[in-house]
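To get our numbering, take the position in the sequence shown, counting from 1, and add 1.
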Amino acid sequence: MRAVVSERYGPPHTLRLCDVPVPKPGPGEVLVRVCAASVNSWDWDRLIGKPLARIAEPFGPSHRIAGADIAGVVEVLGEGAEGFAVGDRVFGDLSNGKWGGFAEYACAPISTLAHIPDGLSFIDAAALPQAGALALQSLRKSSVPKPSILVNGAGGGVGTFAIQMAKQLGAAVTAVDCPGKRDRVLALGANAFIDYRTIDFTAAGDQYDLVIDVVAHRSASAYARVLREGGVLVVIGGTIRSLLSVACFGSVIGKTQRKRLGVLFYEVSPADFSQLAGQCVEGRLTPVIDSVFPLERAAEALQRIGGGEATGKIVISVSD
Numbered sequence: 002m003r004a005v006v007s008e009r010y011g012p013p014h015t016l017r018l019c020d021v022p023v024p025k026p027g028p029g030e031v032l033v034r035v036c037a038a039s040v041n042s043w044d045w046d047r048l049i050g051k052p053l054a055r056i057a058e059p060f061g062p063s064h065r066i067a068g069a070d071i072a073g074v075v076e077v078l079g080e081g082a083e084g085f086a087v088g089d090r091v092f093g094d095l096s097n098g099k100w101g102g103f104a105e106y107a108c109a110p111i112s113t114l115a116h117i118p119d120g121l122s123f124i125d126a127a128a129l130p131q132a133g134a135l136a137l138q139s140l141r142k143s144s145v146p147k148p149s150i151l152v153n154g155a156g157g158g159v160g161t162f163a164i165q166m167a168k169q170l171g172a173a174v175t176a177v178d179c180p181g182k183r184d185r186v187l188a189l190g191a192n193a194f195i196d197y198r199t200i201d202f203t204a205a206g207d208q209y210d211l212v213i214d215v216v217a218h219r220s221a222s223a224y225a226r227v228l229r230e231g232g233v234l235v236v237i238g239g240t241i242r243s244l245l246s247v248a249c250f251g252s253v254i255g256k257t258q259r260k261r262l263g264v265l266f267y268e269v270s271p272a273d274f275s276q277l278a279g280q281c282v283e284g285r286l287t288p289v290i291d292s293v294f295p296l297e298r299a300a301e302a303l304q305r306i307g308g309g310e311a312t313g314k315i316v317i318s319v320s321d
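What follows is the structure, given as structure tokens:
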């Protein structure tokens, strides 16, 4: 089978399109013929070896084939792979297992997969799992009715899902990103837009019930300033300095000011994937597809997400 292989940390041009053996599913796994795979910021981090990736895997990527979000068709059942059948259309997130999504076939634990409902394409299904679930799990952290929500990194995969879901809750949404993404996020329902290059939202004087930061680079004390009493900060990604500040000092600051600050511990959840897919079929949620690349141009897809150019999700089309 064809697969996009990474042997060492480095820029996208270090990736190689290779012929490798088709993997065999182990107990509790299925072999999926991958039809589409989407690109996430974690794929970029693992490719170039951002600090957290190098700490976890100091000698290079432990899995040669990257890619977590997949959508495809079950080809082979491993022992004990109950709940699935050959021919089922499935999608899921392989990031807590073997990865391997940027290939024509991938082995997936059944605990990472959900069925694709009729009416949802492989491209849209591949765009859902990681970004959609991160947005969904972040929004669950606040129970305020009709909350005021700020999303930093609003034009990316997580952000474009979060805006749509927040509007379903009746929220007033402020989107923070670069000017090139302004029109798109406003079209999704954002009520206000902040250009991060000219305005620091933590110093602007406004406060929110929930702040979701996909690209955090501020201190816990700075975030506390923009939270209302009882407000919640959810950090999904960002610099090590910011992540450590929130993780180490967020709870202390939060207790003294009656606010909650924390880093999201993401859960690969087929139940969440199914919920997202159902909302898509119902017309309540639309994956924003920035671009679609063939497998042989996976390096370009990764370069695009690494450059911060994408609005929404980048998808790799692998097979029909």
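Cβ atoms here follow ideal geometry from the backbone N, Cα and C, with glycine treated the same way.
First and last residue of the uninterrupted alpha helix (DSSP H) at residue i
{"i": "P271", "result": "271–283"}
{"i": "F123", "result": "123–128"}
{"i": "S42", "result": "42–49"}
{"i": "G160", "result": "158–169"}
{"i": "V186", "result": "183–188"}
{"i": "I306", "result": "299–307"}
In DSSP terms, what residue i is bridged to
{"i": "F194", "result": "A176"}
{"i": "D20", "result": "R3"}
{"i": "D207", "result": "The partner list for D207 (beta bridge, DSSP) is empty, contrary to what the question assumes."}
{"i": "G263", "result": "V235"}
{"i": "N153", "result": "V177, D214"}
{"i": "A82", "result": "In DSSP, A82 forms no bridge with anything."}
{"i": "V319", "result": "DSSP output for V319 lists no bridge partner at all."}
{"i": "E30", "result": "P110"}
{"i": "S96", "result": "Note: S96 sits in no beta bridge, so no partner."}
{"i": "V35", "result": "G73"}
Segment limits, beta strand (DSSP E) that includes residue i
{"i": "S252", "result": "Run containing S252: none in the beta strand (DSSP E); it sits in the alpha helix (DSSP H), 241–258."}
{"i": "D70", "result": "70–78"}
{"i": "F294", "result": "290–295"}
{"i": "A115", "result": "114–116"}
Where residue i falls: helix, strand or coil (DSSP)
{"i": "K314", "result": "strand"}
{"i": "Y224", "result": "helix"}
{"i": "V91", "result": "strand"}
{"i": "P110", "result": "strand"}
{"i": "E268", "result": "coil"}
{"i": "S139", "result": "helix"}
{"i": "A1", "result": "With the chain covering 2 to 321 only, the question about residue 1 has no answer from this structure."}
Residue i: CB within 8 Å of a non-hydrogen atom of the ligand SAH
{"i": "F202", "result": "The ligand SAH is not part of the structure shown, which contains no ligands of any sort."}
CB-CB length for residue i against residue j, believed under 8 Å
{"i": "L262", "j": "A225", "result": "7 Å"}
{"i": "A72", "j": "I117", "result": "6 Å"}
{"i": "V186", "j": "G206", "result": "The pair is not a contact, with the Cβ atoms about 22 Å apart (cut-off 8 Å)."}
{"i": "V316", "j": "V293", "result": "5 Å"}
{"i": "V6", "j": "T161", "result": "The pair is not a contact, with the Cβ atoms about 30 Å apart (cut-off 8 Å)."}
{"i": "P271", "j": "A115", "result": "4 Å"}
{"i": "E230", "j": "K260", "result": "7 Å"}
{"i": "T175", "j": "A188", "result": "Not quite, the Cβ-Cβ distance comes to about 15 Å (not below 8 Å), so this is no contact."}
{"i": "G251", "j": "W45", "result": "The Cβ separation is near 26 Å, so there is no contact."}
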